[in-house]
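See structure below.
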Amino acid sequence: MGLAVAVSPPPARLLGQEGLRSLSGSVQVPGDKSISHRALLFGAIATGETRIDGLLPAEDPLSTAACLRAMGVTISPIAAGQPVIVQGVGLEGLREPNDVLDCGNSGTTMRLIMGLLAGRSGCHFVVNGDASLRQRPMGRVAEPLAAMGAQIRGRAGGKLAPLSIQGTALHGAVIGTPIASAQVKSAILLAGLTAAGPTTVIEPARSRDHSERMLRGFGADIEISGDAGRHVRLTPGHELVGQAVEVPGDISSAAFWLVAGAITPGADLTVRNVGLNPTRTGVLEVLEAMGARIERLEQRLVAGEPVGDLRVRYGPLQAFDISGELIPRLVDEIPVLVVAACRAEGTSRIREAAELRVKETDRLAVMCRQLGAMGAQLAEHPDGLDITGGVDLHGAEVDSETDHRVAMSLAVAAQVASGPTQLHRSEAAAVSYPGFWDDLARLQA
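Below is the structure:
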């Protein structure tokens, strides 16, 4: 009879030690996670070779690569600083895997793959993920795909993983989505690539448009129309061709340094090579409206995506009020904006952000719980938060609750808290920013 071996959790990370209070220097954040996923997926179903420079070598894109490899796609090893080569198999070339496709903790992987596989006639697929992903809503993708003829089954009436996808012939459709979600939109467009007839997605507000930009670059027939580009029409029948893709730095990762620089006395930081796609720059608009001292430098176009350097310096901030069409353009940055609000003058309000309750964690509840332990004054609402500014934070024992954006947001809060903070499960940051803790130590030096 074997002996059970107890595995101790990693020790809490100590933050906010005296003498490490300010931040200075420059940093290049990892490649954009959204673009990294899409470069792998589109390269896999293109013909020929796709070379990806700057791909994010973190857990979520690695899950996408593993799923594609399981379906017969050759992808070179993924390592920081190394180009990734994808040998495309074409629109019809994905093979039925021998096992369940494991999406790990990546909602993007699962939702986009659902669209990719729904039209693979005669093939059967099962997608699953970790305990967190199995609680995240997949009906928002399964339902519009069903309107195209997809056959997707799963727990809770097909709303929760594990999910069974029986590939079948799809037809084009005009689909209005109840929420603005780039993942939902992208899944529908991927399904539309092999559907009979055009597919149109109409969103209530414009979500990030990386899929449209990149699909067009690979050769797809994409038309954008409607108020603020909310209508996206894809006409099938065009072969995708492998491309060279350069992935810019992820503005969602840059946001931690932008807020840290804005609220840390004496800070002066430059974040290099950041993607400035206008469907993603809501966080910049909010910080600039708060009075943050941010300069946009060296703005340029790289592979169709606007890119630039961002310099941020410490200064006083004013409260914000965000809701409506702005939310989809900064949904991933709201946790760290909550930290900024704690240091601003006045009461900040977030509304129409219930989407944060179905991320890796319920981010509204988690940020209330963890920042509350540090002395922040937050009031939780069904779709948002009220944050009282100008409150002094103090060091405390806090927990990422396994959410990468919560882990890094709490690190930013610890920068301006009195006394040390112990952060449990800090390793969660590796989901999107494997080198975050090394960069923080270097910028504090």
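Numbering (our numbering), first residue to last: 13 to 457. The beta-carbon is built from N, C-alpha and C at its ideal position, and this holds for glycine as well. These numbers were taken from a predicted model, which means no experiment stands behind them.
Bridge-paired residues (DSSP) for residue i
{"i": "ILE97", "result": "ARG63"}
{"i": "GLU439", "result": "GLU439 pairs with nothing; no bridge assigned."}
{"i": "GLY43", "result": "GLY261"}
{"i": "GLY320", "result": "VAL286"}
{"i": "ASP333", "result": "ARG361"}
{"i": "ASP415", "result": "Beta-bridge pairing links ASP415 to no other residue."}
{"i": "HIS406", "result": "SER430"}
{"i": "ASP450", "result": "Per DSSP, none; premise fails for ASP450."}
{"i": "THR182", "result": "Correcting the residue type first, residue 182 is Leu in the shown sequence and not Thr. None, per the DSSP bridge assignment."}
{"i": "GLY188", "result": "ILE214"}
CA-to-CA distance, residue j to residue i, given in whole angstroms
{"i": "VAL196", "j": "ARG123", "result": "7 Å"}
{"i": "VAL286", "j": "SER34", "result": "22 Å"}
{"i": "ARG218", "j": "PRO340", "result": "7 Å"}
{"i": "MET401", "j": "SER360", "result": "Just to set this straight, residue 401 is Gly in the shown sequence, not Met. Each residue's alpha carbon lies about 7 Å from the other."}
{"i": "ALA419", "j": "ASP411", "result": "7 Å"}
{"i": "ILE87", "j": "PRO318", "result": "27 Å"}
{"i": "GLN10", "j": "LEU281", "result": "Given a span of 13 to 457 for the chain in the structure shown, any question on residue 10 remains unanswerable."}
{"i": "ILE47", "j": "ASP142", "result": "23 Å"}
{"i": "GLY231", "j": "LEU201", "result": "13 Å"}
{"i": "ARG323", "j": "GLU307", "result": "5 Å"}
{"i": "GLY134", "j": "LEU309", "result": "51 Å"}
{"i": "ILE57", "j": "ALA453", "result": "40 Å"}
{"i": "GLU413", "j": "ALA24", "result": "12 Å"}
{"i": "ARG284", "j": "PRO260", "result": "9 Å"}
{"i": "PHE137", "j": "GLU104", "result": "15 Å"}
{"i": "ALA93", "j": "ARG312", "result": "Residue identity differs from the one stated: residue 93 is Gly in this sequence, not Ala. C-alpha separation (whole angstroms): 21 Å."}
{"i": "GLY6", "j": "GLY387", "result": "Coverage of the chain is limited to positions 13 through 457, which leaves residue 6 absent and any answer about it impossible."}
{"i": "PRO22", "j": "PRO446", "result": "16 Å"}
{"i": "GLU258", "j": "LEU182", "result": "32 Å"}
{"i": "PRO109", "j": "LEU390", "result": "47 Å"}
{"i": "GLY127", "j": "ALA203", "result": "5 Å"}
{"i": "ASP239", "j": "ALA159", "result": "24 Å"}
{"i": "SER335", "j": "VAL298", "result": "11 Å"}
{"i": "THR211", "j": "ILE399", "result": "42 Å"}
{"i": "CYS79", "j": "LEU53", "result": "10 Å"}
Assumed close pair residue i, residue j - CB separation to whole angstroms, cut-off 8 Å
{"i": "VAL370", "j": "ARG148", "result": "6 Å"}
{"i": "MET83", "j": "ARG50", "result": "Between ARG50 and MET83 the Cβ distance is about 17 Å, and since that is not below 8 Å, they are no contact."}
{"i": "ALA256", "j": "ARG325", "result": "With a Cβ gap of about 36 Å, ALA256 and ARG325 do not count as contacting."}
{"i": "VAL314", "j": "SER421", "result": "That pair is no contact at about 28 Å."}
{"i": "PRO458", "j": "LYS45", "result": "As displayed, the chain neither begins before 13 nor continues past 457, which places residue 458 out of reach and without an answer."}
{"i": "ALA162", "j": "GLY184", "result": "Their Cβ separation, rounded to whole angstroms, is 13 Å, which puts ALA162 and GLY184 out of contact at 8 Å."}
{"i": "LEU157", "j": "VAL271", "result": "The Cβ separation is near 37 Å, so there is no contact."}
{"i": "ASN140", "j": "ALA173", "result": "5 Å"}
{"i": "GLY327", "j": "ALA304", "result": "7 Å"}
{"i": "ARG292", "j": "ARG220", "result": "5 Å"}
Proximal residues to residue i (C-beta, below 6 Å), its chain only, five neighbours per side dropped
{"i": "GLY407", "result": "GLY28, ALA429, GLY431, PRO432, THR433"}
{"i": "ARG165", "result": "SER176"}
{"i": "LEU342", "result": "GLY294, VAL295"}
{"i": "ASP333", "result": "ARG361"}
{"i": "VAL198", "result": "At residue 198 the sequence reads Ser, which differs from the Val that was named. Excluding residues within five positions, the ones whose Cβ falls inside 6 Å are LEU124, SER223."}
{"i": "GLY102", "result": "THR59"}
{"i": "ALA441", "result": "HIS416, ALA419, MET420, PHE448"}
{"i": "SER75", "result": "CYS115, GLY116, SER118, THR121"}
{"i": "ILE64", "result": "ALA51, VAL96, VAL257"}
{"i": "ASP451", "result": "VAL39"}
{"i": "ALA426", "result": "LEU27, GLY28, THR433"}
{"i": "ARG167", "result": "none"}
{"i": "GLU215", "result": "THR189, ALA192, ARG242"}
Chain-order list of residues whose beta-carbon lies under 8 Å from that of residue i (same chain, five-residue window excluded)
{"i": "LYS171", "result": "PRO149, MET150, GLY151, ALA154"}
{"i": "GLU392", "result": "LEU376, ALA377, CYS380"}
{"i": "SER438", "result": "PRO22, ALA24, ARG25, SER412, ALA419, ALA423, TRP449"}
{"i": "LEU338", "result": "GLY294, GLU297, VAL298"}
{"i": "ALA385", "result": "ALA408, GLU409, VAL410"}
Beta-carbon proximity list for residue i, same chain, < 7 Å, skipping 5 on both sides
{"i": "ARG228", "result": "ILE234"}
{"i": "MET13", "result": "Low confidence applies here, because MET13 scores a pLDDT of 46, under 50, leaving its location unreliable; read the following figure in that light. Answer for MET13: no residue qualifies."}
{"i": "VAL424", "result": "PHE268, VAL271, ALA272, VAL348, VAL351"}
{"i": "ALA366", "result": "PRO394, ASP395"}
{"i": "VAL443", "result": "ALA70, GLU71, ASP72, ASN117, HIS416"}
{"i": "VAL213", "result": "ILE187, THR189, LYS197, ILE200, LEU201, VAL244"}
{"i": "LEU67", "result": "GLY43, SER48, ALA51, PRO73, ILE90, VAL96, VAL259"}
{"i": "ALA331", "result": "ALA353, ALA356, GLU357, GLY358, THR359, SER360, GLY401"}
Heavy atom of the ligand GTP within 7 Å of residue i beta-carbon
{"i": "ALA185", "result": "Only the bare structure without any ligand can be found here, which leaves the ligand GTP out of the picture."}
Test: residue i CB closer than 8 Å to a CB of chain B
{"i": "GLN330", "result": "The structure shown contains no chain B; it holds only a single protein chain."}
Continuous beta strand (DSSP E) assignments of at least 3 residues falling wholly in the segment 336-401: Runs found: 359-362, 389-393, 396-400.
3 or more residues per run - each beta strand (DSSP E) lying fully within the segment 84-134: DSSP runs (the beta strand (DSSP E)) wholly in the segment 84-134: 96-101.
Inside the segment 199-271 only - alpha helix (DSSP H) runs reaching at least 4 residues: 222-230
Whole alpha helix (DSSP H) elements within the segment 126-176, 4-residue minimum: 151-158, 167-170
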